[in-house]
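Residue numbers (the UniProt record's numbering), protein chains in the order written: chain A, 1 to 306; chain B, 1 to 286.
Every residue gets a Cβ at the ideal spot worked out from N, C-alpha and C, and that includes glycine.
Shown next, in C-alpha cells, is the structure this report addresses.
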Amino acid sequence: MKTQTVSTPPKTRSRGVHAARARVAFFFLLPALLAIALTAGYPLFKTFQYSFTDALITDPSSAKPIGLGNFWYTNEKGVELGLLQDPKWWGAVRSTFTFTFLSVGLEFVLGMVIALVLNSEFKGRSFLRTALLVPWAIPTVVSAQMWSFMYNDSFGLLGTHLGAVLADADKTLWAIIAVDVWKTTPFMALMLIAGLSIIPADLYEAADVDGASKWTQFWRITLPLLRPAILVAVVFRALDALRVFDVMNVMLGPNRASELSMTAYARLHMIDNQLLGYGSAVAVMIFLIILAFTVLYVASLRVRFD
Amino acid sequence: MTLKSHTSSGRSLPTFKRTLFYLMLAAITAYLLFPFVWAVITSFRHATDLFLPPMKFLLAKWTIKNYIEVLGYPSFSRGFLMSVLVATGSVAVSLLLGAFASYALGRFRFKGKSVILYVILSVTIFPQIAVLSGLFTLIQQFGLYNNPLGLIFSYLISSIPFSVWVLTSFVREIPSELEEAAMVDGATPLQTLFRVLLPVMVPALVTTGLLSFIAVWNEYLFALTFTSDNRTVPVVIANFSAASQFELPWANIMAGSMLVTVPLIVLVMVFQKNIISGLTSGAVKG
C-alpha cells in the first residue's frame, strides 16, 4: 500500500488516502466475507432451491422441480403429502415454541436470582462464579447423557422416584426443559451480571437515602436499567432454543425427537429418510419462522445489539 | 435477592437474613454442580454398583476400569483425535480471517460498514438446519464427506462471524496512536496488523479462540451429518446409547463424557475472565 506519498498536496492527498484505505479495508474483509458466502450464503440459496424439487439425498443432481409440492400437495387418492398438511410438523412447531417459552422463561427467573446473588459481596463469590461456568462448558451431548442416566427408571437418581419420564409423553417435554434450563441458565446469569455491573451504585445510595425498600429498588432501578441486557440475553437464548436439536436427539432418538423439535423433524426427513427436497422445504420454513420471530422481537421491543 | 453490592456486605446483616442467604448460595451451588459431580462419581464406579441405592452407591468402591475401557475403544480415541484436529483447524482459520476482517471493520471507515456488521451478526444467529442440505451437497461435491476438512470448513459458518464480531469490538478500543505511529514509520497496513495490532490483540484472540474452540468441540448436528466414521467425540458419546438396546454401558458413557468435558472445564477455570468477557461482549455496551 502506498498511502504514504507525502509529496502530493494536502487536499487531494487526504481524499486519495480515504479511497486507498477503503480499498485496503475491502481486501482485508474479502477472505472472511468469501468464507461466509461459501458456508452460509450459497448453502442457504441451495436449500431454498432444493425445497422446490423432489431431490433425494442419494442423487441430488437428478432432482425435478415440483413447485410448491413439498409444502402443499394432495395426490389423486386424496392423500395429503405437503409439509403444511402434516400434523406432525405442526406438532413439532408447537412443541418447539412451548419448549422455548418455558425454557427461556425459567432460565430468566433462575438466572436473575443467581445474578443478583452473585452481584453482592460474600465469601466464596469467585468459587460460585467458576461453578456457574461448569454447566455452560459441558457439551450438550454430554449433559443429555448425564441426565438420561439420572432419569433412568430402574437405577437413576431421579428416575427411580419420578418414573420413566422420558417414556411418558406428558412428562418428556418437562424433563427435557429441566436439562436445558440447567445447561443454559449460566449463560443468562452471566449476561445479567454483566448488565448489573454497569448500573451506577449511587442510584441505590440515593434510593436508600429516600427510604426506598430493596424490593422497590429492584423494580424501579434494577429492572428498568437492566432492560437492554435482558432483551439481548433473552433473544439469544430464544433463538438458540428455537433450533433445539442435540438434547432431544440424544435423549429421545431421532424419531421421537422429530415430534418435539422442528430441527429434528427436518433432519429426520432430509437425511435419515433421504428426502433432500422435502427436508429442505422444512428447513426453509424453520428459517422463515425464526426470521419472523427475530424481526418481530427486535422491532416491537426496539432491541439494540451494539 | 435483596442484597446489593453497594451495601456494606454480608457482615452487617441480621443473622436470620444471612443464614437465608447462605442457604440460597448452597442451593445454587448444589444445583449447578450436582449433576456433574454425580456423573464424575458414576464414571468411577463398577457397572454392577450402578443399581445400588444412592447412599450405598456413594460409598461403593472406586475404580478406573471404565476409563481404561473407554480409552480402549478405537472409536473413542479416534473421535478424540478428530475433535482436536477439527476444533484446532477451524479456530486457526477463523482467527486469521477474523483478525483481518476486524482490522478493516474496527479501524477503517468505508461505506456499507454497518450493513456488513449486521449481516455478520445475523449469520451468528442463523439456524444451522437452514444450510444443512446445501452444505451437505457442497461438501459431497468437494469430496469432503467424512473428511475432517469438510467439518473444519462447515464450522467456519459460526466461528468466523463470531470471531469478527468479538474481535471488532476489541479493535475499536485500541488507541489509534499505536497504528498512526506505525503508519508514520511507513508500515504497510499488513505490517501494521501483524506487528502492531496483533500483539495487542492477544487477550482478545485467546478469548475468541477459546470460545470458538468450545463451540466447535461441542457441536453435534454438523458432525453427525457430515461424517460416517470419522466421528468427533460428541457423536461418539451420543452413539454409545444406540449401540445396545438393553443395557447401556452407563459407567463407560460417563467415563467417556468426563474425558471429553474435563479439558474444557480446565480451560474454563484457567481462562475464566477471558471467557466471561467474551461471552458478554456486545451485550452490555450501552
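- The Cβ of Arg21 (chain A) sits closer than 7 Å to at least one Cβ of chain B.
- When only Cα atoms are considered, Pro203 (chain B) and Val166 (chain B) end up about 12 Å apart.
- In the displayed model, Arg231 (chain B) falls within coil according to three-state DSSP, outside both helix and strand.
- With a cutoff of 7 Å on beta-carbon distance, Ile120 (chain B) and Pro161 (chain B) are scored as near each other.
- Below the 7 Å Cβ cutoff, chain B contributes Pro127 as neighbours of Ile290 (chain A), in chain order.
- At least one CB atom of chain B sits nearer than 7 Å to the CB of Thr130 (chain A).
- Per DSSP, the unbroken alpha helix (DSSP H) holding Leu190 (chain A) starts and ends at Ala169 to Ser197.
- Listed by position along chain A, the residues whose Cβ is nearer than 7 Å to that of Asn218 (chain B) are Pro139 and Thr140.
- Taken through DSSP and simplified to helix, strand or coil, Thr58 (chain A) comes out as coil.
- For a Cβ distance threshold of 7 Å, residue set Thr137 of chain B lies close to Pro60 (chain A), ordered along the chain.
- Residue pairing by DSSP places Pro65 (chain A) opposite A:Thr53 in a beta bridge.
- In terms of Cβ geometry, Tyr155 (chain B) and Val216 (chain B) form a close pair [threshold 7 Å].
- In this structure, the straight-line span from the alpha carbon of Gly111 (chain A) to that of Thr185 (chain A) is close to 5 Å.
- Rounded to the nearest whole angstrom, the CA to CA distance from Leu267 (chain B) to Ile214 (chain B) is 9 Å.
- Taking the beta carbon of Ser257 (chain B) as reference, the chain A residues within 7 Å of it are Val142, Gln145 and Met146, listed in sequence order.
- Asn255 (chain A) sits exposed, since fewer than 16 C-beta atoms from the chains shown fall within 10 Å of its C-beta.
- Judged by beta-carbon spacing, Ala201 (chain A) lies beyond the 7 Å limit of Val123 (chain B), meaning their Cβ atoms are not closer than that value.
- DSSP places Gly89 (chain B) in the uninterrupted alpha helix (DSSP H) bounded by Pro74 to Arg107.
- Taking 7 Å as the cut-off, the Cβ atoms of Leu248 (chain B) and Val235 (chain B) do not count as close.
- In the three-state DSSP reduction, Glu180 (chain B) falls in the helix class (H, G or I).
- Cβ-Cβ distances below 7 Å link Ser114 (chain B) to nothing in the same chain once the five nearest sequence neighbours on each side are left out.
- The criterion of a C-beta distance shorter than 7 Å is not satisfied by Ala264 (chain A) and Ser103 (chain A).
- Only residues of its own chain outside the window of five on either side were considered, and among them Leu197 and Val200 have a CB closer than 7 Å to the CB of Ile174 (chain B), listed in chain order.
- Listed in chain order, the alpha helix (DSSP H) runs fully inside the region 226-273 of chain A are 246-260 and 262-267, counting runs of at least 4 residues.
- DSSP places Thr188 (chain B) in the coil class of the three-state scheme, outside both helix and strand.
- By the 16-neighbour rule on beta-carbons within 10 angstroms, Arg267 (chain A) is buried.
- Close to chain A, meaning a Cβ-Cβ distance shorter than 8 Å, are the following residues of the region 149-160 of chain B: Phe153, Ser154, Leu156, Ile157 and Ile160.
- Within the same chain, Asn66, Tyr67, Ala251, Met254, Ala255, Ser257 and Met258 come within 8 Å of Ser43 (chain B) by CB-CB distance, once the 5 residues on both sides are set aside.
- Using a Cβ-Cβ cut-off of 9 Å, Gly98 (chain B) is close to Ala32 of chain A, given in chain order.
- For the region 99-155 of chain B, the full-length alpha helix (DSSP H) segments reaching 4 residues or more read 113-124 and 129-141 along the chain.
- Secondary structure at Glu80 (chain A): strand, using DSSP grouped into helix, strand and coil.
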